[in-house]
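Colleague: Following this message is one structure expressed as structure tokens.
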Amino acid sequence: MSNESSIYDVLIVGAGPAGALSANLLGKYGVKVLLVDKEDDIVKTPRAVGLCNEGSRIINAAGLMESFEPTLLDAAQVQFRCASLEPFFSFDCAEEVNGFPILRTLYQPALEQCMRDGLDRYDNVDFWKSTECLQIEDRGNEVLCRVVTNGDEYRTISCRYVLGCDGGRSNIRKMMNVGFTGHTYAQDWLILDVENDPSVHTHNQHKEGKTNDRDLVYFMCDPNRPGVTLPTPNNTRRWEFVVKNDESNEYISSDAAVKELLKPWGDVSEMNVIRKTIYTFHARIAKKFRVGNVFLLGDAAHLTPPFAGQGLMAGLRDSYNISWKLAQVLKGTLSDRVLDTYHSERRPQAVIIVNTARAMGMLVLPQSKWFSKVRNVVFRTLNRISGRSDVASIKKTPNSILGMRSLMLGLGDVSELTVGYEFLQSIVETRFVAKTGGVDKQSSLIDDCLSGNFAVISYEKSAQSNLSDDTKSRLSEIDSEYCVIKGGHDLSRVEEISRKTGETVVWDVDGYYRDKFDSGKKCVLIRPDKMIVVCESPERFDSAVGKYLSSLEVGQKIKLSLA
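Here it is in structure tokens:
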């Protein structure tokens, strides 16, 4: 096989979460993809452990949540504890946002295995293990890539685009000659993964009948030894502790030191430390996310400190953003210039996430006793404002505290249909006329009722009647679909509606969307990544959609696929 040549639409370098998710999403769109990874198997050590509701939604969009969900653990509450381990601020995270729990923990190797297994669904996706990308040459209309498999099988890959998903030490980024500026933390952290989670019964501060310790995330805001502990799947738990300046890595990772650190949390003799690692945290962002036909995703584009739990999420967002754009460009329905929006949309948000994580670290894990005392007073005051002395409930908390919750979890506070934010998701019903003449009903998330392309969504009345023939024709070019959300109780037109073509009809059984759409006074256009790009009244909808389509240069069909 030495010196063989192969042709693909997209080469993805790196089969971590960002790379493997991109391969699944592009596979779903019919793009011919080659995914390569230099390792011969998944790295079995746990790394990322946090998954927010947005990440769950993205994984679900790739058709992977059903198989992945059994491996997840829902977190019910996050507590911030002072040096005595008493909580000075807490918030519940058991509620769902956009159809998924706000915070869950995961075992990263299980996520990566699920994503790799998902590739078996697509004949248009190839996956080569033990394969390293040695060189890329961007010729404008194609990229030539030199790869080697098993150390001695050399091949030349011709593709239209390359996605660099090869981690913080990315070789693709170096080949692009892109700077990676930012900050490296002066102090290291000790990471401990432990089997037989003691559930922290010794220091449980909750009253009987409240949240079980197994479901809790703790920030230990002790200026003498800041740390974090999270419950993880399969009866495991993670601890992260600051390594002091006068401590060597050898000492802090010794059995004696580890035993002393874990002693306050339970019977150390019953815990099995399955992993202990010294990490140096970074806050770095690539100067450019796109150079020519080569793109950076995930840790190759940005390294995020773990304090906000958004490192994994940022990579998933990258994949979700770029995949539909590549698919449309390769199909010839959108201009290549739309790919510039990957950098303009993703890099500013990555900057915000990285800076938020840094601020989070300074806020909840300070090493100044004076700052800690001031912070504790402020947070206890916020708890009193929320109407509860110990816990801030997300649904009942004032916006000021919701903003703090967003800072810590990277979640948006938008509760209305807003351009630039993801479309709000809830449970809807699909209804079918049964052979017996009755009505069959099925409840599901609205995402699962849509195809994953552009979608025009309206309430009660189809938005097609508000669109010109020209606008509908242009929407058709980018495979747009139409969805009408009906009021929940009217069954009289089920048979008539079910016979319509080119339109998805769902029922708003609890009135959630009636309020969001102001009883039909709003229509929206969403992108394949569920971002709202138009939200207007029916009377102004056609003009707004037309303007948006013009910004995408819809109509310029340029066949770019080499496959």
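Mapping of the sequence shown onto our numbering: position 341 corresponds to residue 963, and the numbering continues sequentially without gaps. All C-beta atoms in this analysis are idealised placements derived from N, C-alpha and C, irrespective of residue type, glycine included.
Between Leu838 and the rest of its own chain, which residues show a CB-CB distance below 8 Å, the 5 nearest in sequence each way excluded?
Modeller: As a working note, residue 838 is residue 216 in the sequence shown. Counting only Cβ-Cβ distances below 8 Å, and skipping sequence neighbours, we find Ala697, Ala698, Gln699, Val700, Gln701, Val822 and Pro853.
Colleague: Does the Cβ of Ala808 have 16 or more other Cβ atoms within 10 Å, making it buried, or fewer, making it exposed?
Modeller: On the sequence shown, residue 808 is found 186 positions in, with the first residue counted as 1. Flag for Ala808 reads exposed.
Colleague: Could you have a look at Pro723 and say whether DSSP puts it in helix, strand or coil?
Modeller: Within the sequence shown, residue 723 is the residue found at index 101, counting from 1. Correct three-state label for Pro723: strand.
Colleague: What number of angstroms, rounded off, separates the C-alpha of Leu656 from the C-alpha of Arg980?
Modeller: If you number the sequence shown from 1, residue 656 lands on position 34. If you number the sequence shown from 1, residue 980 lands on position 358. If you take the alpha carbons of Leu656 and Arg980, they lie about 36 Å apart.
Colleague: In the structure shown, what three-state DSSP assignment does Arg897 receive?
Modeller: Here residue 897 corresponds to residue number 275 of the sequence shown, with the count starting at 1. Strand.
Colleague: Going straight from the alpha carbon of Lys1169 to that of Ile944, what length do you get?
Modeller: By one-based count along the sequence shown, residue 1169 stands at place 547. By one-based count along the sequence shown, residue 944 stands at place 322. Taking the straight line joining both Cα atoms gives about 22 Å.
Colleague: For the alpha helix (DSSP H) containing Ala879, list its first residue and its last residue.
Modeller: Taking the sequence shown and counting its residues from 1, one reaches residue 879 at position 257. Asp877 to Leu884 is the extent of the alpha helix (DSSP H) around Ala879.
Colleague: Would you call the segment 864 to 882 and the segment 733 to 747 touching, i.e. three or more CB-CB distances under 8 Å?
Modeller: Not touching, per the Cβ criterion.
Colleague: Can you list, in chain order, the residues of its chain whose CB lies under 6 Å from that of Thr753, leaving out five sequence neighbours each side?
Modeller: For this step, residue 753 is matched to residue 131 along the sequence shown. These residues qualify, in order along the chain: Val658, Val769 and Thr771.
Colleague: From which residue to which residue does the beta strand (DSSP E) around Ile874 run?
Modeller: The residue labelled residue 874 in the question sits at position 252 within the sequence shown. Where Ile874 is concerned, there is no enclosing beta strand (DSSP E), although the alpha helix (DSSP H) it sits in stretches over Asn871 to Ile874.
Colleague: What residue range is occupied by the uninterrupted alpha helix (DSSP H) comprising Gln950?
Modeller: Translated into the one-based positions of the sequence shown, residue 950 becomes position 328. Element bounds for Gln950: Gly933 to Lys953.
Colleague: Are Ser678 and Arg743 touching if we call contact CB-CB under 8 Å?
Modeller: Within the sequence shown, residue 678 is the residue found at index 56, counting from 1. Within the sequence shown, residue 743 is the residue found at index 121, counting from 1. Going by C-beta atoms, Ser678 is not nearer than 8 Å to Arg743.
Colleague: Measuring straight from C-alpha to C-alpha, what distance separates Val800 and Phe929?
Modeller: Residue mapping note: residue 800 aligns to position 178 of the sequence shown, counting from 1. Residue mapping note: residue 929 aligns to position 307 of the sequence shown, counting from 1. Distance between the alpha carbons of Val800 and Phe929 is about 26 Å.
Colleague: So within the segment 659 to 704, which uninterrupted beta strand (DSSP E) runs reach at least 3 residues, ignoring any that extend past its ends?
Modeller: As far as the segment 659 to 704 is concerned, its whole beta strand (DSSP E) runs of at least 3 residues are 672 to 674 and 699 to 703.
Colleague: Would you please state the rounded distance, in angstroms, between the beta carbons of Glu734 and Pro639? I believe it to be under 8 Å.
Modeller: By one-based count along the sequence shown, residue 734 stands at place 112. By one-based count along the sequence shown, residue 639 stands at place 17. Yes, they are in contact, since the Cβ atoms of Glu734 and Pro639 sit about 6 Å apart, within 8 Å.
Colleague: Which full runs of the beta strand (DSSP E) of 3+ residues lie inside the segment 1136 to 1162, going along the chain?
Modeller: DSSP runs (the beta strand (DSSP E)) wholly in the segment 1136 to 1162: 1145 to 1148 and 1154 to 1158.
Colleague: What are the boundary residues of the alpha helix (DSSP H) that includes Arg968?
Modeller: Taking the first residue of the sequence shown as 1, we reach residue 968 at position 346. From DSSP, the alpha helix (DSSP H) with Arg968 extends over Asp962 to Val986.
Colleague: Could you say if the segment 675 to 693 and the segment 634 to 650 meet the contact criterion of at least three C-beta pairs nearer than 8 Å?
Modeller: Yes, the segment 675 to 693 touches the segment 634 to 650.
Colleague: In the structure shown, what three-state DSSP assignment does Arg1201 receive?
Modeller: A question about residue 1201 goes unanswered here, because the residues of the chain that appear run from 623 up to 1185.
Colleague: Between Thr902 and Ile813, is the Cβ-Cβ spacing less than 8 Å?
Modeller: By one-based count along the sequence shown, residue 902 stands at place 280. By one-based count along the sequence shown, residue 813 stands at place 191. No, they are not a contact pair.
Colleague: Give the DSSP-derived three-state secondary structure of Lys1063 in the structure shown.
Modeller: Numbered from 1 along the sequence shown, position 441 holds the residue referred to as residue 1063. Lys1063: strand per DSSP, three-state reduction.
Colleague: Could you tell me which residues DSSP pairs with Asp1091 in its beta bridges?
Modeller: What you label residue 1091 is simply residue 469 of the sequence shown in a count that begins at 1. Asp1091 pairs with nothing; no bridge assigned.
Colleague: Considering only the alpha carbon of each residue, which of Ser627, Arg939 and Pro855 lies closest to Lys1152?
Modeller: To locate residue 1152, count along the sequence shown from 1; it is residue 530. Checking every option, the nearest Cα to that of Lys1152 belongs to Arg939.
Colleague: If distances are taken between C-alpha atoms only, which option among Asp1069, Met687 and Val1106 comes closest to Ser1141?
Modeller: Stepping through the sequence shown from its first residue, residue 1141 is reached at position 519. Ranking Asp1069, Met687 and Val1106 by Cα distance to Ser1141 puts Val1106 first.
Colleague: Identify whether Tyr1134 lies in helix, strand or coil by the three-state DSSP scheme.
Modeller: Residue 1134 sits at position 512 when you count from the first residue of the sequence shown. If DSSP states are grouped into helix, strand and coil, Tyr1134 belongs with the helices.
Colleague: Taking all protein chains shown into account, do 16 or more other C-beta atoms lie within 10 angstroms of the C-beta of Trp992, making it buried, or fewer, making it exposed?
Modeller: For this step, residue 992 is matched to residue 370 along the sequence shown. Exposed, because fewer than 16 other Cβ atoms sit within 10 Å of the Cβ of Trp992.
Colleague: Are the Cβ atoms of Leu925 and His904 separated by less than 8 Å?
Modeller: Position 303 of the sequence shown, counted from the first residue, corresponds to residue 925. Position 282 of the sequence shown, counted from the first residue, corresponds to residue 904. Going by C-beta atoms, Leu925 is nearer than 8 Å to His904.
Colleague: Compute the beta-carbon to beta-carbon distance between Asp1246 and Phe1076, rounded to the nearest angstrom, for a pair I have assumed lies under 8 Å.
Modeller: A question about residue 1246 goes unanswered here, because the residues of the chain that appear run from 623 up to 1185.
Colleague: How would you write the range of the alpha helix (DSSP H) that Ser644 sits in, first residue to last?
Modeller: Working through the sequence shown from its first residue, we reach residue 644 at position 22. Counting along the chain, the alpha helix (DSSP H) containing Ser644 begins and ends at Pro639 to Lys650.
Colleague: Use the C-beta contact count for Gln950: other C-beta atoms within 10 angstroms, 16 or more gives buried, fewer gives exposed.
Modeller: The residue labelled residue 950 in the question sits at position 328 within the sequence shown. Burial call: buried.
Colleague: Pop quiz: Gln1047 and Leu1067 are said to be a contact at Cβ under 8 Å. What is the actual Cβ separation, rounded to whole angstroms?
Modeller: Taking the sequence shown and counting its residues from 1, one reaches residue 1047 at position 425. Taking the sequence shown and counting its residues from 1, one reaches residue 1067 at position 445. Their Cβ separation, rounded to whole angstroms, is 6 Å, which keeps Gln1047 and Leu1067 in contact under 8 Å.
Colleague: Among the candidates Arg1053, Leu756, Gly937 and Asp1130, whose CA atom is the shortest distance from the CA of Glu676?
Modeller: Here residue 676 is taken as the residue at index 54 of the sequence shown, counted from 1. Here the closest residue by C-alpha is Gly937.
Colleague: By the three-class DSSP mapping on this structure, what secondary structure does Gly790 have?
Modeller: Counting from 1 along the sequence shown, the entry for residue 790 is found at position 168. Three-state DSSP puts Gly790 in coil, outside helix and strand.
Colleague: Could you check the C-alpha separation between Asn1088 and Ser1159 for me, to the nearest Å?
Modeller: Reading the sequence shown from its first residue, position 466 is the one you call residue 1088. Reading the sequence shown from its first residue, position 537 is the one you call residue 1159. Those two C-alpha atoms are separated by around 10 Å.
Colleague: For Ala923, collect the residues of the same chain with a Cβ closer than 6 Å to its Cβ; drop the 5 residues on either side in sequence, then sort them by chain order.
Modeller: The residue labelled residue 923 in the question sits at position 301 within the sequence shown. Excluding sequence neighbours, Ala923 sits near Ala908 and Phe911.
Colleague: Comparing alpha-carbon positions, which option in Glu1103, Tyr1134, Lys666 and Ala705 lies nearest Pro848?
Modeller: Within the sequence shown, the letter at position 226 stands for residue 848. Pro848 has its Cα closest to that of Ala705, out of Glu1103, Tyr1134, Lys666 and Ala705.
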